[in-house]
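In the working numbering, the protein residues as written are 1413 to 1811.
Cβ atoms here follow ideal geometry from the backbone N, Cα and C, with glycine treated the same way.
Before any comments, here is the structure.
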């Protein structure tokens, strides 16, 4: 389903932020991809300044995938110049950011074949990720299997798990996840987040509770991404009582910080103003667009997550991507995005969303629910700012 593909792309971008070797995923739609490509092209041009003759500029100027980054490095060295591992890592990072995966892979290959470079676990993990992108997951798996046992670490296992999950190869992902757990590695929350992201994207929400139970049994500390996956899966199943319990647990977690506090408050505002209630009924489906309430809720919690983390740019991108799908936005979607922008103090964006909402079926009562919900969680100043914004935009007072 296209909507699930959208979720996987968006959610995988979230997971990728937890580890520096995971590269950005493609945008959710053709239009969004074109916009992202244009932005990256401008940034790439800024790196390559005419007249510069350093190694980064030479490689960035290659442009076409058929041209070789390895040849560029060898030529640079043959001219009497030196090259450091840190410099190559920096160039590779830029190439991955611009989705020039083949050239980034060639840099990785050069580093591995030249013993002067000290290869880290992260370097091998990057190689796996890039191999999957350029040659497919089978090639990535072969590379992983060929690694010395000492290089089969938490990072390289997780890189392969990420590749299988991105390709929605559930059986393969589960197999490598089990091998990882049996390899006596020091495992963090990231692989658990990866497998849960896969389950959410393919609609297997019933598998998530057992993953959470296992994480707890192994005394692995959940992070905000873990909690968001757990919460959004319960919310999507309309088990709101469980969502409330998890939010309470999150508040008592030793890792609780300002980002988590913002997330909890936003989640409570969304549940209250969006009027989410527990039910045993089947998820509601909009017949015309064939997108379920379950999937809309997972998108909303993705926005809430980024608002909690203060990632305004990511919120912009997700909201734009959702609009690019031409799906009809629900009142709950608007409650989510408005509350998130309000939490970050982005009143300009709130006005823009209100203007978009007016073009469809604007619900003033929902705005009133946002104000009341903000006050309920102690955000009185933000609630009053929103009330003033509505009045200045021509709406009647809410009371």
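Helix, strand or coil at residue 1480 according to DSSP, with G and I counted as helix
coil
From the DSSP output, in three-state form, read off residue 1687 for me.
coil
Measure from the alpha carbon of residue 1762 to the alpha carbon of each residue in 1783, 1737, 1798, then state which is nearest.
1798
Does the Cβ of residue 1634 have 16 or more other Cβ atoms within 10 Å, making it buried, or fewer, making it exposed?
buried
Output the distance between the C-alpha atoms of residue 1697 and residue 1729, rounded to the nearest integer angstrom.
Low local confidence applies: a pLDDT of 35 at residue 1697 is under 50, so the model's placement there is unreliable, and no value is given.
I want to know whether the stretch 1660-1673 touches the stretch 1780-1790 - three or more CB-CB distances under 8 Å.
no
By Cβ distance, which residues of its chain are closer than 6 Å to residue 1482, with the 5 residues on each side in sequence left out?
1518, 1522
Looking at the structure shown, is residue 1470 part of a helix, part of a strand, or coil, going by DSSP?
helix
Could you check the C-alpha separation between residue 1563 and residue 1556 for me, to the nearest Å?
9 Å
Cβ distance (whole Å) where residue 1675 is taken to contact residue 1751 below 8 Å:
Wrong, their Cβ atoms sit about 12 Å apart, outside the cutoff.
Taking contact to mean 3 or more Cβ pairs, one atom from each stretch, closer than 8 Å, check whether the stretch 1605-1619 and the stretch 1630-1645 are in contact.
yes
Per the contact definition of three or more C-beta pairs closer than 8 Å, is the stretch 1710-1730 in contact with the stretch 1740-1756?
yes
Can you give me the C-alpha to C-alpha distance between residue 1437 and residue 1533, rounded to a whole angstrom?
Low local confidence applies: a pLDDT of 32 at residue 1437 is under 50, so the model's placement there is unreliable, and no value is given.
Would you list, in sequence order, the uninterrupted alpha helix (DSSP H) runs of no fewer than 4 residues that lie entirely inside the stretch 1510-1553?
1513-1525, 1533-1547
Looking only at its chain, what residues have a beta carbon closer than 6 Å to the beta carbon of residue 1653, apart from the 5 residues adjacent to it on each side?
1690
Can you tell which of 1759, 1744, 1793, 1538 has its C-alpha closest to the C-alpha of residue 1829?
The displayed coordinates of the chain run from 1413 to 1811. Any statement about residue 1829 would go beyond what the structure contains.
Scan the stretch 1578-1616 and note each continuous alpha helix (DSSP H) run of 4 residues or more that stays entirely inside, going in chain order.
1582-1593, 1602-1613
Among 1561, 1772, 1569, 1647, which one has its Cα closest to the Cα of residue 1746?
1772
Is DSSP giving residue 1801 helix, strand or coil here?
helix
Inter-residue Cα distance where the pair is residue 1455 and residue 1622:
Because residue 1455 carries a pLDDT of 48, less than 50, the predicted location of this residue cannot be relied on, and the following value inherits that uncertainty. About 43 Å.
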